[in-house]
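Right, one structure below, let's go through it.
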Amino acid sequence: MAGWQWIFLVEGGPAVLLALYAIGTLCDRPAKATWLTAQERTWLQQRLEQEAAGKSGHGKGVLHSILNPTILILTLAYAAMAYGVYALAFFMPLIVKSMGMSNTAIGYVLVLPNICGSIGMILCSRSSDQTGERLWHVVLPVALAGVGAMAAGILLGNIYLTIAAFCVGTFGIASSLPVFWNLPTAYLGAGAAAGGIAFVNSMGNISGYVAPQVTGLLRDSSGGYTVPLVVAGGVLLTGAGLILASGIRKHLPRAATPMEAAPVLH
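Quick look at the structure:
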């Protein structure tokens, strides 16, 4: 097989194996989670019931959820986040190559931003779960990603500073994505959650298609990557502002104090 065919096998194989493992291991409700203690199962079930009761009046239908101003603003915010993700993901290799690095070196260098993203995702998600705070665990990382993207565009003349800026941007955007989904689900009731989440995600996918197109056009028209990266950073900062403006804060559960924080599940 050709080298590019091996890439698909190496990257896709583990995902397929993990999917098969997940089908036989994961369950659909805490009561069936055999790896949890009885106390942990009870606590999780009670928490889910409390959350469902708190949002039962929000979004009783798919159309209602889509047209709701809070969900619409969060949809725009997620589209802004997706724009930043795809603009950076598609063009980082080309940007680094434009600085004179070989294809092999590009592969090694771009491991660094992805490592930073993985670390950020774990740390931010864990912190959000332990404290119960959601809003700022999304807003601040998205804003950080915006600053990182802008810095990368401004610092393009220095390969080391550019990679450092990419690390900051990837850390921020990867940190925010898992926690973001706590925002729309905190508002939507059971009857509207599936449709509302699908709508938000669909708009994000459309933005993910648009982002590389716009980024390429900006590169061609400006003659470089500074303008596209600054624009991507501005879009991300706009996304952070939209989340704050959505009004979702009043629908989120109060952040837990250390004494109220959820027990660590083993």
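Numbered according to numbering that gives the first Met the number 0, the sequence shown spans residues 0 to 265.
Glycine included, every Cβ here is placed at the ideal spot set by N, Cα and C.
Inter-residue Cα distance where the pair is GLN49 and LEU216: 49 Å
Endpoints, the alpha helix (DSSP H) within which ALA18 is located: 2-24
Start-to-end residues for the alpha helix (DSSP H) that takes in ASN268: Here the chain has residues from 0 to 265 only, and residue 268 is not among them.
Cα-Cα separation between THR36 and GLN44, rounded to whole angstroms: 12 Å
Beta carbon of MET80 nearer than 9 Å to that of ILE172: yes
N- and C-terminal bounds of the alpha helix (DSSP H) containing SER175: 158-179
Anticipated Cβ contact below 8 Å, GLY152 with LEU66, distance rounded: So it is not a contact: roughly 36 Å between Cβ atoms.
CB of THR170 within 9 Å of CB of GLY147, strictly: The sequence shown places Phe at residue 170, not Thr. Yes.
Neighbour-count burial assignment, LEU25, 16 or more Cβ in a 10 Å radius: exposed
GLY12 versus MET0: straight-line alpha-carbon distance, rounded: 15 Å
CA nearest to the CA of ARG28, picked from CYS123, ARG133, ARG46 and LEU16: ARG46
Residues near ALA210 in its chain [Cβ-Cβ closer than 6 Å; skip 5 each side]: TYR82, TYR85 and ALA86
VAL95 vs LEU235 beta-carbon contact at 9 Å: no
Exposure of SER245, with buried meaning 16 or more beta-carbon neighbours within 10 Å: buried
Residue span of the alpha helix (DSSP H) that contains ALA76, given as start and end: 68-96
Outcome for GLY207 when other beta-carbon atoms lying within 10 angstroms are tallied against a minimum of 16: buried
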